[in-house]
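**Student:** Going by the working numbering, the sequence shown opens with residue 107, and the numbers climb by one from there. Cβ atoms here follow ideal geometry from the backbone N, Cα and C, with glycine treated the same way.
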Amino acid sequence: MPFAELHGNQIYYEVTGDGPETIVFSHGAFLDHTLWQPVVDLLSGEYRCITWDARGHGMSECNGPFDYYDLAADAVGLLDLVGAPNAVFVGMSQGGWISQRAALASPDRVRGLGLVGTSLPLLSEQETAGFTQLSQGWLGMGPVGPIADAIYGIQFSDVPFDGSRYRAAWQGKPPSAWSEVWATILTKRDDITDRARDITCPVIVVHGTVDAAFTVDSARAMAEAFPNNRGVTIVEGAPHAVALTHPHEVADALRSLGKSL
107 MPFAELHGNQ IYYEVTGDGP ETIVFSHGAF LDHTLWQPVV DLLSGEYRCI TWDARGHGMS
167 ECNGPFDYYD LAADAVGLLD LVGAPNAVFV GMSQGGWISQ RAALASPDRV RGLGLVGTSL
227 PLLSEQETAG FTQLSQGWLG MGPVGPIADA IYGIQFSDVP FDGSRYRAAW QGKPPSAWSE
287 VWATILTKRD DITDRARDIT CPVIVVHGTV DAAFTVDSAR AMAEAFPNNR GVTIVEGAPH
347 AVALTHPHEV ADALRSLGKS L
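(1) Who are F109's beta bridge partners in DSSP?
(2) If you follow the beta strand (DSSP E) that A193 is part of, which residue opens it and which one closes it?
(3) Where does G223 sit, in a helix, a strand or coil, going by DSSP?
(4) Between which two residues does the alpha helix (DSSP H) harbouring T140 extend?
(5) Look at M265 and V316 and say whether their C-beta atoms are less than 9 Å apart.
(6) When you compare only the Cα positions, how much space is there between S205 and G251?
(7) Might you give, ordered along the chain, the residues of its own chain that have their beta carbon closer than 8 Å to the beta carbon of R303, omitting 5 neighbours on each side?
(8) In the DSSP assignment, find the alpha helix (DSSP H) that holds E355 and state where it starts and stops.
(9) Quick check on the DSSP output: the beta strand (DSSP E) that includes T315 runs from which residue to which?
(10) Name, in chain order, the residues that DSSP records as bridge partners for V338.
(11) Can you have a look at P126 and say buried or exposed, based on whether 16 or more other CB atoms are within 10 angstroms of its CB?
(12) Measure the alpha-carbon distance for C168 versus G183 and round it to whole angstroms.
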């Protein structure tokens with residue numbers, strides 16, 4: 107299995123395809139690199155696709171506290187590992203937060219952004235309170251029962267998709283193994299809304315109409331915050347984890363971004 111030693115952690119990653127352009131795919135919180143497999147299957151004949159497990163997810167280590175700039179540095183480190191000077195950074199939810207910060211911290215390495223089912227501003231007080239309650243249940247009792255149901259519902263809404271493998275992965279680790287992941291979600295994300303204008307690479311946004319985490323209106327507003335906004339793709343009937351349920355629509359949007367670079 108391919109692992110990279112990045113900033114004190116063993117990070118699992120995969121490289122698929124050998125196209126002239128590279129895409130780095132970053133997954134959402136509580137998911138892993140397999141989120142992107144259906145999209146990679148569609149794009150690997152045209153692009154070199156890098157998928158990876160963020161710290162504390164999947165098969166990657168988490169040896170201490172981290173923030174989203176740390177994860178962005180991990181993602182850029184994967185480019186160094188494969189010898190790619192730059193790439194399009196694509197991220198779903200948390201992965202979008204990682205990709206945005208990669209564009210701010212390493213603009214010369216980010217040719218474009220694909221922001222999928224994600225957001226720009228911080229969580230509201232109400233959202234933070236809700237997630238804090240979920241985190242307390244998760245870390246105290248484990249991701250079981252209504253706690254697991256709530257997180258699963260955020261990811262997949264009522265869309266007929268079998269994401270049970272992710273529920274099993276949550277429960278395959280002791281609850282405490284997720285403590286740093288929760289801490290980062292709740293307390294480690296800085297507000298970069300006023301810095302969005304500094305991200306000058308082309309940006310596309312993809313969002314599902316039944317996303318239970320962020321609204322379509324918020325996705326449109328996010329797109330407008332970037333000076334090189336190349337449009338918003340709204341996917342009818344798609345949940346937060348749109349890459350799993352509607353990979354063709356996501357792949358087509360990413361192809362359109364690639365053609366514009």
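**Tutor:** In short, the structure shows the following:
(1) Y118
(2) A193 to M198
(3) coil
(4) No alpha helix (DSSP H) contains T140, which DSSP labels as neither H nor E.
(5) The amino acid occupying residue 265 in the given sequence is Val; Met does not appear at that position. Yes, the Cβ-Cβ distance between V265 and V316 is below 9 Å.
(6) 32 Å
(7) A331, F332 and P333
(8) P353 to S366
(9) That residue, T315, is in no beta strand (DSSP E); it is neither H nor E in DSSP.
(10) V311
(11) exposed
(12) 16 Å
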